[in-house]
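Since the structure comes first, as structure tokens, the remarks are kept for the end.
Protein chains: 2
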Amino acid sequence: MSRHAELLKKIDDNSVIVGVIGLGYVGLPLAVAFAKKGIKVIGFEKSQKKIDLVNTGKNYIGDIVDEELARVVKDQYLSATSDVSSIRECDAVIICVPTPLDRFKKPDMSYIESACIDIGRNMKPGTFVSLESTTYPTTTEEFMKPILERESGLKEGEDFWLCFSPERVDPGNKDYKTENTPKIVGAFGEEAQEIAMALYGKAIQKLYPVSSPRAAEMVKILENTYRLVNISLINELALLAGKMQINIWEVIEAAKSKPYGFQAFYPGPGIGGHCIPLDPFYLEYIAKGFNFDLTMIDTAGRINTLMPHRMMNKIAYALNRHGKPMNGSTILFLGVAYKADIDDARESPALRVMEECERKRAKVLYHDPYIPEVIDDNGKKWVAVPLNDEIISHADCVVFTTAHSCFDIERIVKKAHLVVDMKNVVKHIHIENEKVFKL
Amino acid sequence: MSRHAELLKKIDDNSVIVGVIGLGYVGLPLAVAFAKKGIKVIGFEKSQKKIDLVNTGKNYIGDIVDEELARVVKDQYLSATSDVSSIRECDAVIICVPTPLDRFKKPDMSYIESACIDIGRNMKPGTFVSLESTTYPTTTEEFMKPILERESGLKEGEDFWLCFSPERVDPGNKDYKTENTPKIVGAFGEEAQEIAMALYGKAIQKLYPVSSPRAAEMVKILENTYRLVNISLINELALLAGKMQINIWEVIEAAKSKPYGFQAFYPGPGIGGHCIPLDPFYLEYIAKGFNFDLTMIDTAGRINTLMPHRMMNKIAYALNRHGKPMNGSTILFLGVAYKADIDDARESPALRVMEECERKRAKVLYHDPYIPEVIDDNGKKWVAVPLNDEIISHADCVVFTTAHSCFDIERIVKKAHLVVDMKNVVKHIHIENEKVFKL
């Protein structure tokens, strides 16, 4: 039996062993999705804390059902380790590591590189390797493949198979989780694609095959570039609308009445999370290698870079109407999570507005029920204050930066002296009155 | 009975007389929609040819059912005239004139101005006036209102009512026509809004009221700015994808499998029609008055300005692969309409590519079953050639610029020496082969 047929058989009878590298927002839900279907999964993770949590059945990712994780660990379908030599037990290895940008917006490929070295040094012939981390088109072919071949001495397409299948995790999305979000699959060659479809088909309800890894890489970038550009556009229009005394939120709701050709995006203090602020810049990076300037992404990037500064100005404008300078005023920010009802402050736009205000000598406080403390880009640790009437009425300005549904808006607005509403949570105000100012 | 109650009563019992100024793509379908409901409509039009056509029941707009027009004219619910003194017979006047940009992308308000002068000089007290033409926010309030008041000696809100209600006509859309596309309505004050809702409610199935004319003006601009920005984005990404040997059409289809947060736009030789290439620049114009730069619209504009040049380069690239220069080659363009299956070449991107190629000394021909002749920006008249095997095989290059569904793609590709496909009509080709090159 050929290696290819052998692996397909193992997938078919659930005897395949899947390795998942990186047990974060992407890797752990995927590991649980496979384990739930009775497939043995070994999770590889650097953080001993996460390993201990997983191995004792304790969940640390919002989108996972606690009991499901506990059950698959108890039933020994899922275990976690930092020992990469266990990669040789795996028939398939899926990489779910982060791909951050460095301070100069250049992709930091070190996590993928390190994962490829670990896999290359440990995998057995006949292994299927898939990358899920968002990255620039050509990564799988021109970055991963050479490392895997060099470290393993094996040949792609003969001794192992290679695939790119981008994660589409949307933290906090109530409708679409790992298992029911259609998944793009782009492997090299027919054999690899057949294995990829069979394997992912075990855990994911709907797969969408494309012709190559680079097409799959481009799909993910297109999705997030679309979001970046449209959020940037609406942020820019919101600033203009404010100047023109137009309520941009009303305008967006009205535009949504068009039954075709429009999708609503909403303004806010900036763009956060792991995907939208980063992914498009991978593409911009590789485009430069093709002597090509992506002017839309560049423009969107500029708008976002300026947003915290503009939001600080908005707060200063509101304070000024109350006859107060930024200097010495106490400003209470409500929400540092990058979107509502999640506990993730990565690339938090609120944090950047807070930094800007502090630089202008405001006394800055924050409250976020999901994030008791957070470290900003400069390494400074912020600790949340409790949200009580005394703190609200003590602040010169209260700023809504995240629309957490647990906030009691009416009470907060009642107790506050001044409110800047960047998320349209105060519905009864048109654009501004003496107390509430909208973005 | 107050004037306001009187007008509401006339609307209620269908004795209201509606004037529609401008019987083009927007005005004529609207006039027919009212007339169909048994309301008397007087159409005001400068072109004697259009007046004669309407008054003999002959249709010249694709989205209108011929028989419906013929019937309402025969039943004397609709007539057309150039005599603006008949405005005094009307209880409501709706302006549906064009708002083009001049050569320097400055809004040409002369049609609206002229309509307002005609209305102001002729309307009786108690008239309802509504503008449907897309324009920059503040137009109704700061441009129209002063002209109407000055010319009529009447006062807005007391002697007449004023409204902005943007047209959402999408030529060729099979599902959404004038009557079943939800309509934004933004009038000054409660009385005017009540009249506007009652009147439009006679002809349009679903209305969406907003708080002011300027909010309504912004809605239309947001919708079309969204489209401009996204088409520009996908055009730019398509050019990069081509360089990276990625089929952008495959990528878009795959991205569409994401069940939330994505809307597909498709690349092409540029942006045409009356709305998308123009509307966002109205906003850019007024933004400058607020000391505000709209960088996204500006960037989108740059991409589009460059598209014809880049498309000419694409043709040159394909010809070069066949060892031919642009100079002296015969290039046959298929489709000058700005979108499929319509007869409208306004702002035609194909025409601009044709001009660029002719400037590089190619022999340029075109065929479009819906547009037998067309005049370009330089005043040059182009006449369509017939589409037969001889002409196809005579051309050094055949270029698909509009995806008219009547084109027999297979036959054309078979007979052609070389094909440049800017609309993804040749489905069996991945990115390029020696005969077919995709955008």
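Just so you know, the protein sequences line up as chains A and B, in that order.
Just add 11 to wherever you are in the first sequence, counting from 1, and you've got our numbering.
Just add 11 to wherever you are in the second sequence, counting from 1, and you've got our numbering.
Here a beta-carbon is modelled for each residue, glycine too, at the ideal position from N, C-alpha and C.
Predicted model, so just to flag it, every value in this text is computed and none were measured.
Would you identify the three-state DSSP class for A91 of chain A, choosing helix, strand or coil? DSSP places A91 of chain A in strand when its eight states are reduced to three.
A301 of chain B at chain A interface by Cβ criterion, 7 Å: It is worth fixing the name first, because residue 301 of chain B is Phe in this sequence and not Ala. Yes, F301 of chain B counts as interfacial toward chain A.
I think A226 of chain A touches N258 of chain B, with their Cβ atoms under 8 Å apart; what is that distance to the nearest whole Å? 7 Å
Taking all protein chains shown into account, decide if D379 of chain B is buried (16 or more other Cβ within 10 angstroms of its Cβ) or exposed. buried
For the segment 247-267 of chain A and the segment 291-306 of chain A, state whether three or more C-beta atom pairs, one from each stretch, are separated by less than 8 Å. no
Determine, using beta carbons only, whether C127 of chain B and I158 of chain B come nearer to each other than 7 Å. yes
By DSSP, does Y219 of chain B sit in helix, in strand, or in coil? strand
E421 of chain A versus C174 of chain A: straight-line alpha-carbon distance, rounded: 51 Å
For D432 of chain A, which of helix, strand or coil comes out of DSSP? strand
Could you work out which residues of chain B lie near Y349 of chain A, taking near to mean beta carbons separated by less than 8 Å? What Y349 of chain A touches in chain B: nothing, since even the nearest Cβ is about 15 Å away.
Taking only three categories from DSSP, how would you classify S404 of chain B? DSSP places S404 of chain B within a helical segment (H, G or I) once states are collapsed to three.
Alpha carbon of Y293 of chain A to alpha carbon of V424 of chain A, nearest angstrom: Taking the straight line from one Cα to the other gives about 41 Å.
Smallest Cα separation from S10 of chain B: which of B:V104, B:K47, B:V65 and B:G137? Outside the displayed range of chain B (12 to 450) lies residue 10 of chain B, so it cannot be described from this structure.
Just the C-alpha distance for V394 of chain A and I282 of chain A, rounded to the nearest angstrom, thanks. 22 Å
Spatial neighbours of L39 of chain B within its chain, please: C-beta separation below 6 Å, excluding the five flanking residues on both sides. I72
Mind checking if S268 of chain B is an interface residue toward chain A, Cβ cutoff 7 Å exclusive? yes
Look up P319 of chain B in the DSSP assignment and say whether it is helix, strand or coil. Helix, per DSSP.
Thinking C-alpha only, which one of B:I32, B:E124 and B:I195 is nearest R161 of chain B? B:E124
DSSP state of L343 of chain B mapped onto helix, strand, coil: strand
Is the CB-CB distance between I287 of chain B and R321 of chain B below 7 Å? no
Between the CA atoms of K57 of chain A and K85 of chain A - distance to the nearest angstrom: 22 Å
Near-chain E residues of the segment 268-294 of chain B - C-beta to any C-beta below 7 Å: Absence of chain E from the displayed structure is noted, the protein chains being A and B.
Compare the beta carbon distance of C107 of chain B and G33 of chain B with 7 Å and say whether it is the shorter of the two. yes
In the DSSP assignment, find the unbroken beta strand (DSSP E) run with F448 of chain B in it and report its ends. V447 to K449
Between B:M318, B:K449, B:D170 and B:G334, which lies nearest to K135 of chain B when the distance is taken from Cα to Cα? Nearest of B:M318, B:K449, B:D170 and B:G334 to K135 of chain B, Cα basis: B:D170.
Length of the line joining the Cα atoms of P319 of chain B and Y147 of chain A: 28 Å
Kindly indicate if chain B contains any beta-carbon less than 7 Å away from that of R161 of chain A. no
Around the Cβ of H333 of chain B, are there at least 16 other Cβ atoms within 10 angstroms (buried) or fewer (exposed)? exposed
Using a C-beta cutoff of 7 Å, does P40 of chain B count as contacting chain A? no
Interface residues of chain A around P182 of chain B at Cβ under 8 Å? Going along chain A, no residue has its Cβ under 8 Å from P182 of chain B, so there is no contact; the nearest lies around 13 Å.
Going by DSSP, what residue range makes up the beta strand (DSSP E) through Y187 of chain B? Taken as a continuous stretch (DSSP letters only), Y187 of chain B belongs to no beta strand (DSSP E), as it is neither H nor E.
Which whole-angstrom value describes the C-beta separation of P278 of chain B and A311 of chain B, a residue pair presumed to lie in contact below a C-beta threshold of 8 Å? About 13 Å separates the two Cβ atoms, so there is no contact after all.
How many angstroms separate the CA atom of D355 of chain A from the CA atom of R179 of chain A? Pairing D355 of chain A with R179 of chain A, the inter-Cα distance amounts to about 17 Å.
Note down, one range per segment and in chain order, each beta strand (DSSP E) of at least 3 residues found wholly within the segment 71-157 of chain B. 89-92, 103-106 and 138-142
Span separating the alpha-carbon of G54 of chain B from that of T92 of chain B: Spanning the two alpha carbons is a distance of roughly 6 Å.
Which whole-angstrom value describes the C-beta separation of M337 of chain A and L343 of chain A, a residue pair presumed to lie in contact below a C-beta threshold of 8 Å? With a Cβ gap of about 14 Å, M337 of chain A and L343 of chain A do not count as contacting.
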